[in-house]
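Student:
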Amino acid sequence: MIYVSVWVVIWGTAASLVDWLLLNADLYETGSFGQVATFIGYGAAAAVLAVKASGRFLGNVNVDEGED
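Position 26, counted from 1, in the sequence shown is what numbering that gives the first Met the number 0 calls 25; the numbers after and before it change by one each time, with no gaps.
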């Protein structure tokens, strides 16, 4: 469970920093589609990275029970 929590914090931090930069650059406004797209895009990227890195941090979680 902590693995998921860490990735949520990474996603939220990265997306918020980029959002802050884009808002300050007046590229979009609060509540606009651009802001939503930023958080959705970073969420998708964080999910993909979390799945790809899971084997490295969680070990082999796909153990076949039928093999001896």
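Note that beta-carbon positions come from the ideal geometry of N, C-alpha and C, so glycine has one too.
1) Cβ of L48 within 9 Å of Cβ of T37?
2) Which complete alpha helix (DSSP H) runs does the region 24-49 hold, if anything under 4 residues is left out?
3) Within this structure, are the beta carbons of Q34 and Y41 separated by less than 9 Å?
4) Alpha carbons only, please: which of I1, S4, D18 and V5 is nearest the one belonging to A39?
5) Below 7 Å CB to CB, which residues in the same chain sit around F56 once its five sequence neighbours on both sides are set aside?
Tutor: To lay it out plainly:
1) The answer is no: Cβ separation not under 9 Å.
2) Whole alpha helix (DSSP H) segments, 4+ residues: zero.
3) No, these two residues do not count as a Cβ contact at 9 Å.
4) Correcting the residue type first, residue 39 is Ile in the shown sequence and not Ala. Among I1, S4, D18 and V5, the Cα nearest to that of I39 belongs to D18.
5) So the list reads Y2, once near-sequence residues are dropped.
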